[in-house]
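*Asks:* Structure incoming, see below.
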Amino acid sequence: MELRVCMNDWYYNMGLVGFIRVLDKYNIPYKKEERCITFDSSALENMPEYYFSSLYEEYYEPLHKRRIDSINKLLKTIEDVISLKKDLGELKKVFGEAKPLDLIKKMDEQYKRKTEYKHLSEELSKIKKNISKINKIKKIDENSTLQLQTIITSIERLKDLFDSDYIKERFFYTNVLRVILSNNFFGQVSFLNPPFAKKSLNEFKEKFKKDYIEPVLDERNLIPDEKSLKCSVCGMYKAGKNLNLSEEHLLPVGVSKDLINQYWSKNFYPMCALCKMVLFFAPLGVSYYFDYVPSPSKSYREKKYLFVNGGENVENLIKLNENLKKFSDSENPFAELMIDYISRVKRKSE
Numbered sequence: 021m022e023l024r025v026c027m028n029d030w031y032y033n034m035g036l037v038g039f040i041r042v043l044d045k046y047n048i049p050y051k052k053e054e055r056c057i058t059f060d061s062s063a064l065e066n067m068p069e070y071y072f073s074s075l076y077e078e079y080y081e082p083l084h085k086r087r088i089d090s091i092n093k094l095l096k097t098i099e100d101v102i103s104l105k106k107d108l109g110e111l112k113k114v115f116g117e118a119k120p121l122d123l124i125k126k127m128d129e130q131y132k133r134k135t136e137y138k139h140l141s142e143e144l145s146k147i148k149k150n151i152s153k154i155n156k157i158k159k160i161d162e163n164s165t166l167q168l169q170t171i172i173t174s175i176e177r178l179k180d181l182f183d184s185d186y187i188k189e190r191f192f193y194t195n196v197l198r199v200i201l202s203n204n205f206f207g208q209v210s211f212l213n214p215p216f217a218k219k220s221l222n223e224f225k226e227k228f229k230k231d232y233i234e235p236v237l238d239e240r241n242l243i244p245d246e247k248s249l250k251c252s253v254c255g256m257y258k259a260g261k262n263l264n265l266s267e268e269h270l271l272p273v274g275v276s277k278d279l280i281n282q283y284w285s286k287n288f289y290p291m292c293a294l295c296k297m298v299l300f301f302a303p304l305g306v307s308y309y310f311d312y313v314p315s316p317s318k319s320y321r322e323k324k325y326l327f328v329n330g331g332e333n334v335e336n337l338i339k340l341n342e343n344l345k346k347f348s349d350s351e352n353p354f355a356e357l358m359i360d361y362i363s364r365v366k367r368k369s370e
């Protein structure tokens with residue numbers, strides 16, 4: 021079955037850009053029109069795998085890499101202290117930045133979820149006890165050098181455990197699915213519902229498939245008939261039963277399904293299964309950067325999400341947001357994007 025998705029309001033276009041990014045990433049064929057894309061429904065068969073892999077690479081891998089880099093920096097600093105290239109003050113500073121004891125605590129919470137990992141929880145306790153000795157070292161001598169060498173062994177083991185599949189999967193859930201998706205985009209729908217917290221990644225994929233992919237694959241859910249309402253978002257497909265455009269399906273929409281009488285002149289906005297699915301790709305359609313927020317006690321980094329709803333066609337919409345993504349590491353991504361955009365427009369006019 022051929023499916024069509026077209027440009028719409030800004031929140032929908034976030035999902036459209038995210039969906040197209042996944043299609044491009046995995047070389048899934050689709051046709052690009054002026055303001056729409058068309059694709060065969062068979063493109064969705066492996067979408068649960070593609071969706072979660074894309075989320076993992078976009079959001080969790082950078083977090084994981086930063087933590088690994090901080091551990092490696094700590095290991096290198098300990099080696100430099102042993103060889104007298106750096107002093108204990110520098111070691112204490114790097115130790116505070118790496119926060120290995122905080123990491124141990126978070127890992128231990130995950131190991132305690134399953135009895136088969138009890139032995140690793142016990143091992144973490146020993147690692148914590150050994151690593152904590154860094155704070156008690158006052159000078160570098162033969163005894164403290166031996167201590168630091170055993171601490172290196174413990175930290176290397178900690179790094180191996182942190183890099184294990186189980187911890188990566190659990191941290192992907194706690195740091196990305198629960199914190200980023202649930203808090204910023206979707207609330208507690210589908211696999212983000214609290215009862216699913218202890219499920220495996222494969223079970224998340226199955227739930228996503230059941231709730232978002234299978235309804236689209238069944239053409240009976242999409243082809244309108246005389247008795248059905250049409251989707252108020254796309255205007256093409258049959259609205260799903262009890263499916264209404266609200267923050268239940270994307271928090272930035274800002275319309276509570278329980279307070280629908282306060283919005284849109286008290287009208288419901290029925291939605292189809294395909295539009296519901298497209299909205300779920302919004303986290304992959306945005307760019308993000310970290311803004312340093314000053315505070316009287318301690319400044320902190322705050323993640324901010326960016327999206328440009330511009331361009332008169334799909335091609336321009338994608339280009340604008342790909343350019344924004346390139347500038348996401350800069351201090352002011354929007355300013356950089358505008359400078360780049362104006363420069364390109366100027367070159368075209370010359």
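The sequence shown runs 21 to 370 under our numbering.
Ideal Cβ positions, reconstructed from N, Cα and C, are used throughout, including at glycine.
Note that the structure is a prediction, hence the values are computed from the model and not measured.
Where do the ends of the alpha helix (DSSP H) carrying Ser174 lie?
*Replies:* Mapped onto the sequence shown, residue 174 falls at position 154. Counting along the chain, the alpha helix (DSSP H) containing Ser174 begins and ends at Glu162 to Phe182.
*Asks:* Tell me whether Lys51 is buried or exposed, calling it buried when 16 or more other Cβ atoms sit within 10 Å of its Cβ.
*Replies:* In the sequence shown, the residue the question calls residue 51 occupies position 31. By the 10 Å Cβ count, Lys51 comes out exposed.
*Asks:* Three Cβ pairs or more, each shorter than 8 Å: is that satisfied between the stretch 70 to 84 and the stretch 303 to 313?
*Replies:* yes
*Asks:* Taking C-alpha atoms, which residue in Phe224, Leu294, Asn222 and Pro215 lies nearest to Asn241?
*Replies:* Mapped onto the sequence shown, residue 241 falls at position 221. For the residues Phe224, Leu294, Asn222 and Pro215, the minimum Cα distance to Asn241 belongs to Leu294.
*Asks:* Express the C-alpha separation of Pro316 and Val334 in angstroms, rounding to a whole number.
*Replies:* Here residue 334 refers to the residue found at position 314 when the sequence shown is read from its first residue. Here residue 316 refers to the residue found at position 296 when the sequence shown is read from its first residue. Straight across, the Cα-Cα distance linking Val334 with Pro316 is about 45 Å.
*Asks:* Beta-carbon within less than 7 Å of Pro214's beta-carbon, same chain only, minus the 5 sequence neighbours each way: which residues are those?
*Replies:* By 1-based counting over the sequence shown, the position of residue 214 is 194. These residues qualify, in order along the chain: Gln208.
*Asks:* Bridge partners of Tyr325, per DSSP?
*Replies:* The residue given as residue 325 occupies position 305 in the sequence shown. Per DSSP, Tyr308.
*Asks:* Nearest to Ala118 by CA position, among Lys188, Ile175, Arg321 and Arg190, is which residue?
*Replies:* As a first step, residue 118 must be located in the sequence shown, where it is residue number 98. Ranking Lys188, Ile175, Arg321 and Arg190 by Cα distance to Ala118 puts Ile175 first.
*Asks:* Along the beta strand (DSSP E) that carries Asp60, what are the first and last residues, could you check?
*Replies:* Start at 1 with the first residue of the sequence shown, and residue 60 comes out as number 40. Note, Asp60: beta strand (DSSP E), Cys56 to Asp60.
*Asks:* Considering only their Cβ atoms, is the gap separating Leu326 from Tyr312 smaller than 9 Å?
*Replies:* The residue labelled residue 312 in the question sits at position 292 within the sequence shown. The residue labelled residue 326 in the question sits at position 306 within the sequence shown. No, the pair does not count as a contact, with Cβ atoms beyond the cut-off.
*Asks:* Can you list, in chain order, the residues of its chain with a C-beta nearer than 7 Å to that of Ser62? Leave out the 5 residues immediately preceding and following it.
*Replies:* Working through the sequence shown from its first residue, we reach residue 62 at position 42. Once the five neighbours on either side are set aside, Ser62 has no close Cβ partner at all.
*Asks:* Do Phe224 and Leu270 count as a contact pair if the criterion is CB distance below 9 Å?
*Replies:* For this step, residue 270 is matched to residue 250 along the sequence shown. For this step, residue 224 is matched to residue 204 along the sequence shown. Going by C-beta atoms, Leu270 is not nearer than 9 Å to Phe224.
*Asks:* Hey, Ile151 and Leu104 are a contact pair by Cβ (cut 8 Å); roughly how many whole angstroms apart?
*Replies:* Here the question's residue 151 lines up with position 131 in the sequence shown. Here the question's residue 104 lines up with position 84 in the sequence shown. With a Cβ gap of about 21 Å, Ile151 and Leu104 do not count as contacting.
*Asks:* Look at the alpha carbon of Leu36 and the alpha carbon of Arg198, and state the distance between them as a whole number of angstroms.
*Replies:* By 1-based counting over the sequence shown, the position of residue 36 is 16. By 1-based counting over the sequence shown, the position of residue 198 is 178. When rounded, the distance between both Cα atoms is 22 Å.
*Asks:* At the level of alpha carbons, what is the spacing between Val236 and Met297?
*Replies:* Here residue 236 corresponds to residue number 216 of the sequence shown, with the count starting at 1. Here residue 297 corresponds to residue number 277 of the sequence shown, with the count starting at 1. Going by C-alpha positions, Val236 is about 8 Å away from Met297.
*Asks:* Identify the continuous beta strand (DSSP E) that holds Leu23 and give its terminal residues.
*Replies:* Working through the sequence shown from its first residue, we reach residue 23 at position 3. Where Leu23 is concerned, the enclosing beta strand (DSSP E) stretches over Glu22 to Cys26.
*Asks:* For Tyr320, which residues in the same chain have their Cβ closer than 8 Å to its Cβ, ignoring the five residues on either side in sequence?
*Replies:* The residue labelled residue 320 in the question sits at position 300 within the sequence shown. For Tyr320, where only same-chain residues beyond five positions count, the Cβ hits under 8 Å are Tyr312 and Val313.
*Asks:* For Ile124, which of Arg133, Ile147, Leu340 and Val114 has the nearest alpha-carbon?
*Replies:* Taking the sequence shown and counting its residues from 1, the one referred to as residue 124 is at position 104. With distances taken between Cα atoms, Ile124 lies closest to Ile147.
*Asks:* Tell me the DSSP secondary structure of Val209 in three-state form.
*Replies:* In the sequence shown, residue 209 corresponds to position 189, counting from 1. Assignment of Val209 by DSSP, reduced to helix, strand and coil, places it in the coil class.
*Asks:* Please state whether the Cβ-Cβ distance between Arg88 and Asp185 is less than 9 Å.
*Replies:* Here residue 88 is taken as the residue at index 68 of the sequence shown, counted from 1. Here residue 185 is taken as the residue at index 165 of the sequence shown, counted from 1. Residue identity differs from the one stated: residue 88 is Ile in this sequence, not Arg. No.
*Asks:* From the DSSP output, in three-state form, read off Val199 for me.
*Replies:* For the purposes of this step, residue 199 is taken as the residue at position 179 of the sequence shown. The answer is helix: DSSP assigns Val199 an H, G or I state.
*Asks:* When the Cα of Asn204 is compared with those of Ser210, Val196 and Ser141, which residue comes out closest?
*Replies:* Residue mapping note: residue 204 aligns to position 184 of the sequence shown, counting from 1. Answer by Cα proximity: Val196.
*Asks:* Over what stretch of residues does the alpha helix (DSSP H) that includes Asn336 continue unbroken?
*Replies:* The sequence position of residue 336 within the sequence shown is 316, counting from 1. Note, Asn336: alpha helix (DSSP H), Val334 to Lys346.
*Asks:* To the nearest whole angstrom, what separates the beta carbons of Tyr79 and Ile200, a pair I think is in contact under 8 Å?
*Replies:* Numbered from its first residue, the sequence shown carries residue 79 at position 59. Numbered from its first residue, the sequence shown carries residue 200 at position 180. With 8 Å as the limit, Tyr79 and Ile200 qualify as a contact, their Cβ atoms being about 6 Å apart.
*Asks:* Please report the distance separating the alpha-carbon of Tyr193 from that of Arg41.
*Replies:* As a first step, residue 193 is located in the sequence shown; it is residue number 173 there, counting from the start. As a first step, residue 41 is located in the sequence shown; it is residue number 21 there, counting from the start. The straight-line gap from Cα to Cα measures roughly 22 Å.
*Asks:* Could you tell me which of Ile98, His84 and Arg55 sits nearest to Val25, measuring between CA atoms?
*Replies:* Here residue 25 is taken as the residue at index 5 of the sequence shown, counted from 1. That would be Arg55, whose Cα lies nearest to the Cα of Val25.
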